[in-house]
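Structure record follows, encoded as structure tokens.
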Amino acid sequence: MSFGHPQGKTRAVIERIETIDHQTYFEPFVGMGGVFSHRTWRPRLEVVNDLNGEHVFLLC
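Here it is, written out as structure tokens:
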């Protein structure tokens, strides 16, 4: 089971996030964007960060 696979732990994290009413989503360690790209709810503001700036640029 991998964190980046939508059927793995990522799905559990996404389900938890989507139960919380929010208007801003902040991903401090986006990595390959497993959680970021598989969410169904899109809040008004999304912020992503990663030590590797190329990962963040790729998602923009």
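Numbering (my numbering), first residue to last: 669 to 728.
Just so it is clear, CB atoms sit at the ideal spot from N, CA and C, and this is done for glycine as well.
| Asked | Found |
| --- | --- |
| Three-way DSSP call (helix, strand, coil) for T708 in this model | coil |
| Cβ distance (whole Å) where D718 is taken to contact V703 below 8 Å | About 12 Å; that fails the 8 Å criterion. |
| Buried versus exposed call for T729 [16 or more other C-beta atoms within 10 Å across all chains shown] | Because the chain is modelled from 669 through 728, residue 729 falls outside the range shown and cannot be assessed. |
| Through-space distance from V681 to V724, alpha-carbon basis | 20 Å |
| Coarse secondary structure for V698, derived from DSSP in three states | coil |
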